[in-house]
Amino acid sequence: MSSSTSSTHKSFAYDVFISYRGDDTRKTFVDHMYFALRRKNIRVYMDADKIKRGDHIMDELLKSIDHSRFYIIVFSKNYPSSSWCLNELVKILECHRTTHEHVVYPIFYDVEPSQVRKLTGATGKAFAKHEKHPSARKWREALREATELAGWDLKNNFDG
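Going by the UniProt record's numbering, the first residue of the sequence shown is number 1, and it counts up by one from there.
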């Protein structure tokens, strides 16, 4: 009786999915990280180069999240201002909770983890416009949950 363990593992189109707020980090930290990963032949999904004109953007993003093995969430001051980022975060955490094959790595770029968790300071101001949104509670919970995962605080470690 032989069994194959490979049949129980999901095949992933991407090694890494990067979730980030473009205005804060695209031309700096995220671009550097993206190209460093690509140089190591790591298959990276970053929305700027994968979504084609005419595609249903949210459908493409959610499908790409499903088809990624690792998630790097780059939290920045304005990350909570984007409903797109918040919806990505919810989907990422759903994938993480439902299978041990999906791994999440939060990075706190120029923002304290406690500011993201409690939505204080700049992140609180960024989230304020969503307070009456039907998904606000779910987004708040996702932000809190993500800050409880082991990650990197670049503000304190590298002076952002």
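Every residue, glycine too, gets a C-beta built ideally from N, C-alpha and C.
TRP152 is bridged by DSSP to ILE107. Taking C-alpha positions only, PHE127 is separated from LEU119 by approximately 7 Å. Between the alpha carbons of LEU89 and LEU143 lies a distance of about 8 Å. Going by beta carbons, HIS100 and TYR71 fall outside the 8 Å limit.
With distances taken between CA atoms, SER83 lies nearest to PRO134 out of TYR14, SER11 and PRO134. Taking a 10 Å sphere around the C-beta of PHE108, we find 16 or more other C-beta atoms and assign the residue as buried.
Contact check for ARG43 and TYR14: beta-carbon distance about 5 Å, within the 8 Å limit, so the pair qualifies. Look at the stretch 57 to 104 and you find these whole runs of beta strand (DSSP E), each 3 residues long or longer: 68 to 75. TYR34 sits away from ILE57, with the two beta carbons spaced by 8 Å or more.
Straight-line measurement puts the Cα of LYS40 at about 31 Å from the Cα of VAL116.
Minimum Cα-Cα distance from PRO80 among the listed residues TRP152, ASP23, GLU94 and SER11 corresponds to ASP23. DSSP places SER135 in no beta strand (DSSP E); its state is neither H nor E.
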